[in-house]
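Right, one structure below, let's go through it.
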Amino acid sequence: MAMLKHPEKIIFEYSRPQRGSYGQWPTEQGTPNDVAADIPENLRRRKAPMLPEVSELEVVRHFTRLSQLNFSIDTHFYPLGSCTMKYNPKACNQYAMLPGFLNRHPLAPESTGQGFLACMYELQEMLKEVTGMQGVALSPMAGAHGEFAGVAMIRAYHRARGDLARNEIIVPVAAHGTNPATATMCGCVVREIPVNDDGDVDVEALKAAVGPNTAGIMLTNPSTCGVFERRIQEVARIVHDAGGLLYYDGANLNAILGKVRPGDMGFDVIHMNLHKTFSTPHGGGGPGAGAVGVSQRLLPFMPIPVVGKDGDRYRWLSEKDLPQSIGRLSAFMGNAGVLLRAYIYMRMLGREGMHRVGEFATLNANYLMARLAKAGFDLAYPNRRASHEFIITAKKQKNDLGVSAMDIAKRLLDYGFHAPTTYFPLLVPECLLIEPTETESKEALDGFIDAMIAIQKEAEAQADLVTSAPHTMTVRRLDDVRAARQLDLAWKPAAA
Amino acid sequence: MPFNPHTPDDVEQMLAAIGAKKIEDLFDEIPKDLRIESLAGIPDALNEMQVGRLMSARAAQDGTPLNFIGAGAYEHHIPSAVWAVTTRGEFYSAYTPYQAEASQGTLQLIYEYQTMITSLTGLDVSNASLYDGGSAVAEAALMSIRAHRKSKSQRILVPTTLNPNYRKTAVATASGQGVRFEEIACPKGALSVADLEKYAGEDVTALVIQQPNFFGVLEDVDALTDWAHANNILVIASVNPTSLGILKPPGEWGARGADIACGDCQPLGVPLSSGGPYAGFLTTKMEFVRQMPGRIVGRTVDANGKQGFALTLQAREQHIRRGKATSNICTNQGLLVTAATIYLSLLGPEGLARVANECHRNLGELVGALTRVKGVKPAFEKPRFHEAVLLLDRPVGPVLAELARRGIVGGFDLSNDYPELGNALLVCATETRTAADIEAYADALAETLKAAVRAA
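Line order of the protein sequences matches chains A and B.
Residues in the first sequence are numbered consecutively from 1, following this note's numbering.
Residues in the second sequence are numbered consecutively from 1001, following this note's numbering.
In structure tokens:
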């Protein structure tokens, strides 16, 4: 685990006037570089932008060093709940970066993109099959973007029927923050409902919440509590009977891939996080892809563009083909390169591989849960199966030893493990949401279990070792209050 | 299955620890009637060699035509170091940097990016990225409504010189919240203060100005910005980052500068790649920082007083604020920000200006060569940057189809979005086009137009 331990300077601190990576310039150093006379004086830049003046080696070394300050899947076990940090196969990157794909202009004629479009069309078809939906649109660029498309379609559906009062979106309290934020962005009102002690939606509260204003409900299943919503069919009936539609947040689709499908559960619209379930990289905060799937009645409302097929020719479907579409959500067609990676991954998994994703993700989670419970950690839902993730509550450690979930998370970094998701979902006190994914070996899981047991012992014997962690990273815990109060959001040269 | 490390022995031991007989038992909470047995529609698995063959064939099928389209995505030279470093696993396979101590690399990189993009646009603060240039306009419009508290109208003026796909994205993204986008026709290829006068004194929230505009024409940004501010209207600038190597940054437009600048990082080391992934950028004045959407990185200190970086102002964001967040954005385009930051570091201020000047020079050559072809003339005789509109003497579609057959992607047909312009074609040349490329295009166009005459 060769993490760089010393800090790296800001790139501007390497900068020297008249140094540069000259080999990257289109015209030679020292030749004229004047702005053409036909660009009016008042539209020109007066002072050069502050960009570093550094050699190519300095750039490569600086950013390589920065990379070494990160945890990543390639270097560390990353059991981040609800984030599905599985291995990102190298083949997906290599073949998505073939020059024929990289150099294709998004507005180039379809005749020069048949190979690419074939991949996209087949990806739509495969996603339909694994989710049980009737149509798929690929353009949303992240999970929250897919959520937006989904709720916008629900709204468009009700409006097209003249059902204008339906503007309430029901969201369980355990939902991702993006769910209520999305509902607001779509101009809807959010109604939160509780979940019961077993982690399932409170069906009585749902019955009381639905009515003539209900546009729909947004659900993650398995939920962020790490359990499968057992009464999903009843939930679907209640919402549909009230005239609402069901939205499936695909954040946890990995848990059930090849075992059960959102379309069969009664969902009308779903988004899939291709950067979770279909193993495209997270990139330190994107790019993702939030493809959406719809049932029959939402087909006319899909965001454009969608890939269509006429005979053996592929083409983009536009507003002309889908006049009721919610419209365009990106300048072009979304994160095409991410979609290619997901396509390659799905082709490598194949039919049988799909089942095994859900199976081994679930096996790993249940194994980890059983072993940690046996070691004395408290489960939030001890009577339930884990889906592909589960929750430990460190309430006991907090009350008895003064060691919080955050402290345990930070101490795990010292042991070479990325922290689980902490303090989410909000309803579980001192929450650690743990998702191992199917690509981790038993040895990796055992190593994590050993670390957790060791940290528990430390907490009992020498709590301050845990509460002051991490000790072995480049930096200790950071002053977040100062970061927000004394805003320093861009580097400035020291005053001369 | 290719990516599972489990041996039969492992499975057996793990099931024993769980107290289950078989893996299937772990799904016993899922109602039986919902369970599926097979996914008939999924093809058989391919191993890496097979998938490599398939993808190589698909990529080769599309060929490598000579490209003359811009229209929001630009072919530039991408230094080898950009993607060699960007695809390092420690960047490529890391998560959003919530655990700051284990993510200092990504966090410092975003801080450096924020520094570069604010300097480039002449504004104070930047976020860590949005999806693309289109969604950036949408988010900027929503942000302007939060920032302009005195305006109650939620009216945003968008000239037709703004990229039509950006306009469509803004409408689809923001209209659910009651934002109204009013289009201003610009038949002369640029927005003028005269076009705006009818809005003087009205309650308008913001005006969007694209520079260079969708036609490649340079807008009179000082006059437009000053007019907007005199009428209590905020200014949103949609700008091409390459052009900012030589063009006035939005923060210096008019007397007070644009209020928000946004655009697409694609020209900064990001391949065309059929439209994405790219990265939207958004910068603004310090007074509006709390209205920004998306992630922001700040420099702070750790428990020992040592410099470190962390996500900050998170109270704006969905994971804290939920329904009251400034946006629902969560995952953004981090890896493309990585590429753009490395690109800007390699080019530096002089390199970026050289790229911009070379683009501009090549466009001049291209327009000169193409307008010497009979049946082709320039549409707007105005100052411009690396793109221009040409008028043909016949419909553009069939001409482009014939050029494509000859291995040339000849430009973007404007007739769908701008029927009023007639047979209009938007062409682009960047620093990557050589004199020979331009000559090849001019020859092919001349032959195509001649052949079509003969056929007629």
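A virtual CB, placed ideally from N, CA and C, is assigned to each residue, including glycine.
Could you tell me the distance, in whole angstroms, from the CA atom of L1207(B) to the CA atom of Y157(A)? 31 angstroms
Same chain only: Cβ atoms within 6 angstroms of Y247(A), ignoring 5 sequence neighbours per side: G150, G216, M218 and V269
According to DSSP, what are the bridge partners of H388(A)? Answer is none; H388(A) lacks a bridge partner.
At 3 residues or longer, what runs of the beta strand (DSSP E) sit wholly inside the stretch 1289–1339 of chain B? 1297–1301 and 1307–1311
Going along the chain, which residues of the stretch 1239–1266 of chain B sit with their C-beta nearer than 8 angstroms to a C-beta in chain A? L1244, G1245, I1246, L1247, K1248, P1249, E1252 and D1264
Does the beta carbon of G226(A) sit closer than 8 angstroms to a beta carbon anywhere in chain B? no
Could you give the distance in angstroms between the alpha-carbon of N1047(B) and the alpha-carbon of M1055(B)? 12 angstroms
I need the straight-line Cα distance from A1200(B) to N1232(B), nearest angstrom please. A direct Cα-Cα distance of roughly 9 angstroms separates A1200(B) from N1232(B).
In chain A, which residues lie with their C-beta within 7 angstroms of the C-beta of G1105(B)? L66, S67, Q68, L69 and N70
Provide the residue span of the alpha helix (DSSP H) that contains Y1113(B), from first to last. Q1104 to T1121
Give a yes or no on whether 8 angstroms exceeds the smallest Cβ distance from L1500(B) to chain A. With chain B covering 1001 to 1456 only, the question about residue 1500(B) has no answer from this structure.
Give the C-beta separation of A1073(B) and H105(A) to the nearest angstrom, bearing in mind that I take them to be a contact with Cβ-Cβ under 8 angstroms. 6 angstroms
Mark L1445(B) as exposed unless 16 or more other C-beta atoms lie within 10 angstroms of its C-beta, in which case mark it buried. buried
Using a Cβ-Cβ cut-off of 8 angstroms, state whether M1(A) counts as contacting chain B. With a pLDDT of 45 at M1(A), under the threshold of 50, the modelled position of this residue cannot be trusted, and the question is left open.
Checking the sheet assignment: what are the DSSP bridge partners for A1230(B)? Its beta-bridge partners do not exist; DSSP assigns none.
Check whether the Cβ of G1134(B) sits closer than 7 angstroms to any heavy atom of the ligand MG, and report yes or no. This structure does not include the ligand MG; it has no bound ligands of any sort.
Cβ distance (whole Å) where N213(A) is taken to contact V357(A) below 8 angstroms: That belief does not hold up - the Cβ atoms of N213(A) and V357(A) are roughly 38 angstroms apart, past 8 angstroms.
Can you check whether the C-beta of N366(A) is within less than 8 angstroms of a C-beta belonging to chain B? yes
Taking 8 angstroms as the CB-CB limit, is S223(A) close to chain B? no
With a cut-off of 8 angstroms, does the C-beta of L102(A) fall near any C-beta of chain D? In the structure shown, chain D does not exist; the protein chains are A and B.
If we cut at 8 angstroms on Cβ distances, does A1147(B) have a partner in chain A? Under the 8 angstroms criterion on CB atoms, A1147(B) is classed as non-interfacial with respect to chain A.
What residues in the stretch 1353–1370 of chain B have a beta carbon less than 9 angstroms from any beta carbon of chain A? A1353, R1354, V1355, A1356, N1357, E1358, C1359, H1360, R1361 and G1364
Shortest alpha-carbon distance to G20(A) belongs to which of A1353(B), A1325(B), E1202(B) and A1228(B)? Nearest C-alpha to G20(A): A1353(B).
Would you call M1(A) buried or exposed, if buried means 16 or more other Cβ atoms sit within 10 Å of its Cβ? Low confidence applies here, because M1(A) scores a pLDDT of 45, under 50, leaving its location unreliable and the question unanswered by this model.
Closer than 7 angstroms, Cβ to any Cβ of chain B: which residues of the stretch 341–353 of chain A, in chain order? I344, R347, M348, L349, G350, R351, E352 and G353
For Q114(A) versus D1413(B), is the C-beta distance shorter than 8 angstroms? With respect to the 8 angstroms criterion, Q114(A) and D1413(B) are not classified as neighbours on the basis of their beta carbons.
Using beta carbons (cut-off 8 angstroms, strictly below), is H1006(B) in contact with chain A? yes
Against chain B, does T277(A) count as a neighbour if the rule is that its beta carbon must be under 8 angstroms from one of theirs? Judged by the 8 angstroms Cβ criterion, T277(A) is not in contact with chain B.
T220(A): contacting residues in chain B (beta-carbon distance under 9 angstroms): Here the premise fails: no neighbours, minimum Cβ distance about 14 angstroms.
P1398(B), buried or exposed, once every other Cβ within 10 Å from all chains shown has been counted against 16: By the neighbour-count definition (other C-beta atoms within 10 Å, threshold 16), P1398(B) is an exposed residue.
Could you tell me which chain B residues have their CB closer than 7 angstroms to the CB of F360(A), listed as they occur along the chain? Those within 7 angstroms of F360(A) in chain B are N1004 and H1006.
A2(A) in three-state terms, based on DSSP: Note that A2(A) scores a pLDDT of 48, beneath 50, so its modelled location is shaky; the value from the coordinates is reported in the next line. Coil, per DSSP.
Beta carbon of E41(A) nearer than 8 angstroms to that of Q18(A): The criterion of a C-beta distance shorter than 8 angstroms is not satisfied by E41(A) and Q18(A).
Does the beta-carbon of R16(A) have 16 or more other beta-carbons within 10 angstroms, so that it is buried, or is it exposed? exposed
Members of the stretch 1161–1189 of chain B that neighbour chain A once the beta carbon cut-off is set at 8 angstroms: N1163, N1165, Y1166, K1168, T1169, V1171, A1172, T1173, G1176, Q1177 and G1178
Nearest to P1383(B) by CA position, among V1221(B), E1139(B), F1003(B) and T1160(B), is which residue? V1221(B)
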